[in-house]
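Chains A and B, in that order, give the protein sequences.
Adding 477 to a residue's 1-based position in the first sequence gives its number in the numbering used here.
Adding 477 to a residue's 1-based position in the second sequence gives its number in the numbering used here.
We put the beta carbon where it would ideally sit given N, CA and C, even for glycine.
If you're wondering where the values come from, they're calculated on a predicted model, not measured in any experiment.
Below is one structure, written out as structure tokens; the observations come after it.
2 protein chains.
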Amino acid sequence: MSLSKLPYKGTRDFFPTEMRKRDFIFNRMKKIAELHGYEAYDGPMVEEVELYLAKSGEELINEQIYSFIDRGERKVAIRPEMTPTLARMVAQVHREFPKPLRWYAIPNLMRYEKPQKGRLREHWQFNCDIFGAPEGLGEIEILQVASGLLKSFGATEEHFEILLNDRRVVDAVFKQLLRLNDEQSHKLYKVIDRAKKVSQEALDKMISEIISLDSVKAHFKEYLALTTISQLKDFLARHGLKDAASGFLVFAEKLAPAGLSRCVVYDPTIVRGLDYYTGVVFEIFDKSPENRRAICGGGAYGNLLQIFNEPALGGVGFGLGDVTLTDFLETHKLLPEFKSQNCDVLISYLEESLEPQAFELAQKLRAQDIKTELYFGEAKPKKVFQYAEKKGHKSVTIIGSDEIKNGSFEFKRMRDQEKAVVTSHQFSELKEFLELNHG
Amino acid sequence: MSLSKLPYKGTRDFFPTEMRKRDFIFNRMKKIAELHGYEAYDGPMVEEVELYLAKSGEELINEQIYSFIDRGERKVAIRPEMTPTLARMVAQVHREFPKPLRWYAIPNLMRYEKPQKGRLREHWQFNCDIFGAPEGLGEIEILQVASGLLKSFGATEEHFEILLNDRRVVDAVFKQLLRLNDEQSHKLYKVIDRAKKVSQEALDKMISEIISLDSVKAHFKEYLALTTISQLKDFLARHGLKDAASGFLVFAEKLAPAGLSRCVVYDPTIVRGLDYYTGVVFEIFDKSPENRRAICGGGAYGNLLQIFNEPALGGVGFGLGDVTLTDFLETHKLLPEFKSQNCDVLISYLEESLEPQAFELAQKLRAQDIKTELYFGEAKPKKVFQYAEKKGHKSVTIIGSDEIKNGSFEFKRMRDQEKAVVTSHQFSELKEFLELNHG
């Protein structure tokens, strides 16, 4: 019996074509983060389990985490998300850094999921977080980074929308308006989280199990029917809740000047589960009916450092997975093709005796930042050009004894079959001929 | 009790300064690989254990691997090395690709090591491999890539040396000259592997336990005393072993024309353990007495695809870890400093009412690929400049109501305190002023 050639369930092999696509997307993430002043960080792929127990939701720990006991009897887990690691690192150093801290990472993460469209067991996730920004400003900037990434691929508000809510609003509605106790609140959070995934009937049934009074139910349904920030404002004013949600209203005022109002929608069902958020929460959704799912989720959190006995330092952040992002970009045809390798030069030689000269020329070109592949073995020109065509290389040179004698080489540009003769000391001419700008 | 802020034993947190260093090094790896025509690939961080059982040495499986049983009763492991994944991937697709295949990756790997200088539990490893190259040529190119990486940091043959040997040579010496059986060969491989780490006395004792005849012992010691390729040639000729090691001699002829002879040293103790190598093997060593250790190891292997019932496809490759490479570069002072973040522009505003305009200007600059950090809150100019200084930003602009009225902004260059006034439509002038070339 032979071994399986397939990757472990729910994970991916990135062959060169897939890897070029991944690099293209990751480079875009890095660029957008750095354009906004965010600095890269990373942590270990394994953490001690107690870090996740202290922070994450129950479901993640019990069912979705890859945990095991190491040879030193430590309980450890492969990171299922980056935020606990981020919180641990920020807790270590936040005193040394001027605020706000703006950090980003693109870690590989693992969750024990049932593999399906948009969900795999291993994925990469673009994480951006800002700590210590003034009220409302970190939220605006984080939304700019997340939507800026999508826009950098050519996406517009026709393709995606940012669904917004605020945990302070939800808390005010639950506690002050509906007068629920903690247990009821907790249950109703779970109901809200599922509101869009179930039928109206099922929703009514779930609500009735928590709320019995018809007047209270009516208030809750009134809340669930809100679709714009101005409707929400009226609703809050009508029920005397404006003060409790003032943070959200301050933030909401900043959306229009920041150019975000066109892609933002108020959605009372966005609560980000039972997670650690304490303020603004959001999800970015693909608007295509064929790929109607969240691409990105995030929000503001006030107490992440608490578990390390550190003083409160508010933060805002998001996570955006590579699988859902790629689905989004492919659904809207926003990705180029990544078929060809695209070296600058393919060098071949007519006789084996010229092999040392071919090696030498290759090294000279590389010293000039020219990406050069050496075609091994005596060259049959037709085969060499077919090979260059297949690999998408920009140009070909074939070395014969004349070229060595003269110290000059003919480069044929694959795109248009144009030729240029270049001597060893004039490789800048070759770079112009090939329009190279490797930076 | 509060949670630990430290990373799991033997792993690292990469704060922005460390991450800039890591990115600098990884970008260099990518650049060198791509200059030589190598294409990026990646695989999952977890594989099924049987993949490692089929390929790796016993020690790795038994003691050094992070293995566990997943929730579906599969035996899996965090990848301790990349080669098994590479072999699995190549076995999947080698028929579709023109040869040679040139692939590289920089995966994060985990081994259960006792953390010490140069050895951690999690590290990143630059892997380059070439499959299907003609005899000797893949070996030469792989050595060029590995040494080319070190040279790209400014290292020379004063800093490192490539210690070379060939499994075919060792096999010929063991089987034909010493006439050892398989069990003795196996043991003597282990002795050779430790030869440089133990005293002459201990070495003699280990040899005596395997070889009893004095004449055989003398041959083995004669072999161990070889220090150059020409000595080896004489030795092989003297003992009638030239044919058995002809592949190595073909390869050795190519070292000088490829510019490699100055950094290459023949070393009879390099055998790369009981690993999967079948031809040339090598290790790159730091020559500094303070950091005398292998930075990189690799070699040629003929049968990696066998475990997948695929026909033989010869390969050559190396692995080069980020921890040992960083130690090498730091020992020889070959790394720059990575202290500062280095944004192009820091924007601040004198009055809170100008916040929307500051957001707007920031977005305009970013659209021109200018890395822009927004300083939140009303600015005290002195504090703003101190902040820009601390973060290593290139320039500062402070927005007042006059700037907004005139639509022009004054940028102060931090390096020399020079100023430039730029209107919103002339950001190309700003890029020149800041000497930006983000590519």
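Helix, strand or coil for residue i, going by three-state DSSP, please let me know.
| i | result |
| --- | --- |
| A:Lys-552 | strand |
| A:Phe-630 | coil |
| B:Leu-586 | strand |
| B:Cys-820 | coil |
| B:Lys-871 | coil |
| A:Phe-545 | strand |
| A:His-473 | Beyond the ends of chain A as shown, which are 478 and 916, falls residue 473 of chain A; an answer cannot be given. |
| A:Lys-896 | strand |
| B:Gly-916 | Its pLDDT being 45, under 50, B:Gly-916 is placed unreliably by the model, and nothing is read from it. |
| B:Arg-749 | coil |
| B:Asp-490 | coil |
| B:Val-742 | strand |
| B:Leu-806 | helix |
| A:Ile-639 | strand |
| B:Tyr-485 | coil |
| A:Tyr-864 | helix |
| B:Val-675 | coil |
Rounded to a whole number of angstroms, what is the C-alpha to C-alpha distance between residue i and residue j?
| i | j | result |
| --- | --- | --- |
| B:Glu-550 | A:Ala-679 | 36 Å |
| B:Gly-916 | A:Tyr-515 | Reliability of the predicted coordinates at B:Gly-916 is poor, the pLDDT of 45 falling under 50, and no value is obtained from them. |
| A:Ala-623 | B:Glu-880 | 29 Å |
| B:Leu-655 | B:Ser-689 | 11 Å |
| B:Ala-839 | B:Leu-831 | 12 Å |
| A:Ala-722 | A:Asp-547 | 46 Å |
| A:His-663 | A:Tyr-753 | 13 Å |
| B:Asn-658 | B:Lys-682 | 19 Å |
| A:Arg-770 | A:Leu-640 | 12 Å |
| A:Met-506 | B:Tyr-543 | 31 Å |
| A:Leu-797 | A:Thr-560 | 12 Å |
| B:Lys-698 | B:Phe-651 | 12 Å |
| A:Gly-906 | A:Glu-895 | At residue 906 of chain A the sequence reads Glu, which differs from the Gly that was named. Approximately 14 Å between the Cα atoms of the pair. |
| A:Phe-491 | A:Met-587 | 16 Å |
| B:Arg-715 | B:Arg-645 | 17 Å |
| B:Arg-565 | B:His-571 | 10 Å |
Compare the C-alpha of residue i against each of the options and name the closest.
| i | options | result |
| --- | --- | --- |
| A:Val-899 | A:Phe-910, A:Arg-892, A:Leu-806, A:Phe-862 | A:Phe-910 |
| B:Val-757 | B:Lys-764, B:Asp-763, B:Val-748 | B:Val-748 |
| B:Gly-854 | B:Ala-695, B:Phe-815, B:Gln-834 | B:Gln-834 |
| A:Ala-510 | B:Lys-867, B:Glu-850, B:Leu-913, B:Val-873 | B:Glu-850 |
| B:Lys-908 | B:Ile-824, B:Ile-847, B:Leu-657, B:Asn-642 | B:Ile-847 |
| A:Ser-885 | A:Gly-791, A:Glu-829, A:His-902 | A:His-902 |
| A:Lys-729 | A:Leu-806, A:Asn-642, A:Gly-774, A:Glu-760 | According to the sequence shown, residue 729 of chain A is Ala rather than Lys. Closest by alpha carbon: A:Asn-642. |
| A:Glu-618 | A:Leu-737, A:Met-566, A:Lys-628 | A:Leu-737 |
| A:Pro-493 | A:Pro-557, A:Ser-817, A:Glu-540, A:Phe-725 | A:Ser-817 |
| A:Asn-786 | A:Gln-621, A:Tyr-589, A:Val-567 | A:Val-567 |
| B:Tyr-589 | B:Pro-557, B:Val-570, B:Trp-580, B:Leu-614 | B:Pro-557 |
| B:Met-891 | B:Gln-653, B:Gln-863, B:Arg-565 | B:Gln-863 |
| B:Thr-488 | B:Leu-827, B:Asp-720, B:Lys-591 | B:Lys-591 |
| A:Gly-869 | A:Asn-883, A:Asp-893, A:Arg-843 | A:Asp-893 |
Flag this pair as yes or no: are the beta carbons of residue i and residue j separated by less than 8 Å?
| i | j | result |
| --- | --- | --- |
| A:Thr-746 | A:Ile-772 | no |
| B:Phe-836 | A:Pro-577 | no |
| B:Ala-582 | B:Asp-500 | no |
| A:Ala-897 | A:Ile-875 | no |
| A:Tyr-485 | B:Pro-521 | yes |
| B:Leu-718 | B:Ala-672 | no |
| A:Val-822 | A:Ser-872 | yes |
| B:Asn-768 | B:Phe-712 | no |
| B:Gly-794 | B:Asp-670 | no |
| A:Gln-569 | B:Lys-667 | no |
| B:Phe-759 | B:Lys-498 | no |
Is the number of C-beta pairs between the region 630-640 of chain B and the region 794-812 of chain B that are closer than 8 Å three or more?
yes
Contact between the region 601-616 of chain A and the region 569-586 of chain A is defined here as three or more beta-carbon pairs at a separation below 8 Å; is this criterion met?
The region 601-616 of chain A makes contact with the region 569-586 of chain A; the number of CB pairs closer than 8 Å reaches 3 or more.
Inspect the CB distances between the region 782-789 of chain B and the region 692-711 of chain B and report whether three or more fall short of 8 Å.
no
For the region 594-609 of chain A against the region 523-530 of chain A, are there 3 or more C-beta pairs whose distance is under 8 Å?
no
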